[in-house]
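J.: For the record, in the sequence shown the residue sitting at position 273 is 867 according to the numbering used here, with numbers rising by one throughout.
Idealized CB from N, CA, C, for every residue including glycine.
Please find one structure pasted underneath; my questions will follow.
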Amino acid sequence: MTTATVVGSGPNGLAAAITLARAGVDVTILEAAATVGGGLRSYEGIVPGLIHDHCAAIHPMAVGSPFLATIDLDKRGLRWSSAEVECVHPLDDGTAGVLRRTVGDTAAGMGPDGAAWRALFDRPVKEMDRIGPSMLGPLLRVPRHPLALMEFGAPTALPASVLARAFRTPQARALWGGVAAHTFRPLHEPMSSAIGKGMLTAGHAYGWQVAEGGSGAIANALAAELTDLGGRIETDARVTSRSDLPPSDLILFDLDPAQVARILDDALPPRIHRAFTRFRRGPGAFKVDFAVH
C-alpha cells in the first residue's frame, strides 16, 4: 500500500489527507500542537463559556465548498449558523453599511445605491451554484461554465477603489471597501476587487456562516472523517528536520515555504531552496473579539 505523511493539520493538510485516504493511501498526519486545525482552532477565553477562534470566525465560502460538500457534516457534528445581518461596516457618524442575506434586502437599505448593488450582485448570486465550484476548485482546469465565470470575473479585474465609484453613499462604499480589503493588497491595484466580490456574492448566496462551537468544530469534523477512513493523526509531533519524518512514499507539507526549507534543507534543489527561504509573508490582521454583556 502507498504510504503518505502530511506535516501540519490545518484545513489544507486535513483535506489533502482525506483525499489520499479515499484513494486507498495509508495516511498519517504529524501535528506539532496538542490539537488539530492550524488556524481552525478555538478556545475558551476571558469570559467563561465564550468561545474564541484563533483565526477566522466567519467562513463565507465554506457552505459552497466543493470539498466540504463531499462530507456528511451533520454526521460529523458540524452545524452552520448565520445571523439576520451578515456583516456591518460602521461609520463615525453612527450610520453603517449593512450586508443582509438577500441582494434585495441589502439594496433596499442602500437608498440611491440600491440599483448599483443589484447590478453588481443579482446575476452572480443566481449563478453561484454554477460558478462556485470553479471559483473554489483547482485553478489549472477548464471551467465548466466559462461564460458565466467570465461575466462574474470581468468587474473583478478593476481596482476596488475604481469599482467603489459605482456607489454614491459612504455607507455602500464602506461596506464594499471593508470586504474588498480582505485581499490584503492596496485597493488601487488591478484585481483587488476579486476577493470582495467573491465574499459578498457568497454572503448573499449562502450567508456568512459560523461553525457552532467555534471554527475548531470544522477541524474536528475533518479529523473525524479522516480517522473513519483509516487515517492517523499524531499530535505533539513537531517536525524540525528530515530525521523527524517517517519513511513514506509521499510527503506533503501544510506549512509555509520557509518552514519547508528548514526541514528539507539540502534535499531541496538549490533554486527551490532559495525561493522558499526568500518567501515573503503577506500582511496580517489584528483580530479583536468583543464580549458583549
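1. Run the CB neighbour count on Thr599, radius 10 Å, all protein chains shown included, and call it buried at 16 or more, exposed below.
2. Kindly indicate the opening and closing residues of the beta strand (DSSP E) around Gly691.
3. Exposed or buried, which one is Val804 when buried takes at least 16 other CB atoms within 10 Å?
4. What is the residue span of the beta strand (DSSP E) that Ser636 lies within?
5. Would you list the one or two residues that DSSP bridges to Phe847?
6. In the structure shown, what three-state DSSP assignment does Pro864 receive?
7. Assuming contact is defined by CB atoms lying nearer than 8 angstroms, are Thr829 and Val630 in contact in what I supplied?
8. Should Trp802 and Cys681 be called a contact, given that it needs their Cβ atoms to be closer than 8 angstroms?
9. Could you please give me the residues that DSSP links to Pro684 through a beta bridge?
10. Please name the residue, chosen from Glu678, Ala677, Val692, that lies closest to Pro684 on a Cα-to-Cα basis.
11. Would you mind reading off the limits of the beta strand (DSSP E) that contains Asp668?
12. Applying the criterion that 16 or more other CB atoms from any shown protein chain within 10 Å of the CB defines a buried residue, is Thr689 buried or exposed?
13. Among residues of its own chain, excluding the 5 on either side of Gly703, which ones have a beta-carbon nearer than 6 angstroms to its beta-carbon?
14. What are the boundary residues of the alpha helix (DSSP H) that includes Thr622?
15. Using only the heavy atoms of the ligand HEM, determine whether one of them is closer than 7 angstroms to the beta carbon of Ala768.
16. Under 8 angstroms Cβ to Cβ from Ala610, same chain only, skipping five residues before and after it: list those, please.
17. DSSP state of Val697, grouped into three classes?
18. Is Asp647 helix, strand or coil by DSSP?
19. Considering only the alpha carbon of each residue, which of Asp859, Gly878, Ala879, Pro877 lies closest to Phe870?
20. Please determine if the region 788-795 and the region 718-725 are in contact, where contact requires at least 3 C-beta pairs separated by less than 8 angstroms.
21. In the DSSP assignment, find the unbroken beta strand (DSSP E) run with Arg826 in it and report its ends.
22. If you follow the alpha helix (DSSP H) that Pro718 is part of, which residue opens it and which one closes it?
23. Taking the continuous alpha helix (DSSP H) assigned at Ser755, which residues delimit it?
24. Which whole-angstrom value describes the C-beta separation of Gly810 and Ser659, a residue pair presumed to lie in contact below a C-beta threshold of 8 angstroms?
25. Which residues mark the beginning and the end of the alpha helix (DSSP H) in which Thr763 is found?
26. Would the beta-carbon of Ala818 fall within 8 angstroms of that of Pro605?
27. Between the Cα of Pro851 and those of His653, His867, Leu672, Arg673, spot the shortest distance and give me the residue it belongs to.
28. By a C-beta neighbour count over all protein chains shown, 10 Å radius and 16 as the cutoff for buried, is Ser837 buried or exposed?
29. Give me, in chain order, the residues of the same chain whose beta-carbon lies closer than 6 angstroms to that of Gly639; leave out the 5 immediate sequence neighbours on both sides.
30. Going by Cα to Cα distance, which pick from Met655, Asp620, Thr664, Pro764 is closest to Gly790?
T.: Reading from the atomic positions:
1. buried
2. 690-694
3. buried
4. 636-638
5. Val601
6. helix
7. yes
8. yes
9. Ala690
10. Val692
11. Note, Asp668: premise wrong, no beta strand (DSSP E); not H, not E.
12. exposed
13. Val692
14. Per DSSP, Thr622 belongs to no alpha helix (DSSP H); it is in the beta strand (DSSP E), 620-624.
15. This structure lacks the ligand HEM; in fact it carries no ligand of any kind.
16. Val600, Leu846, Asp848
17. helix
18. strand
19. Asp859
20. yes
21. 826-828
22. 708-720
23. 754-757
24. At roughly 17 angstroms, the Cβ-Cβ gap does not stay under 8 angstroms, so Gly810 and Ser659 are not in contact.
25. Unbroken run through Thr763: none, as it is neither H nor E.
26. no
27. His867
28. exposed
29. His646
30. Met655
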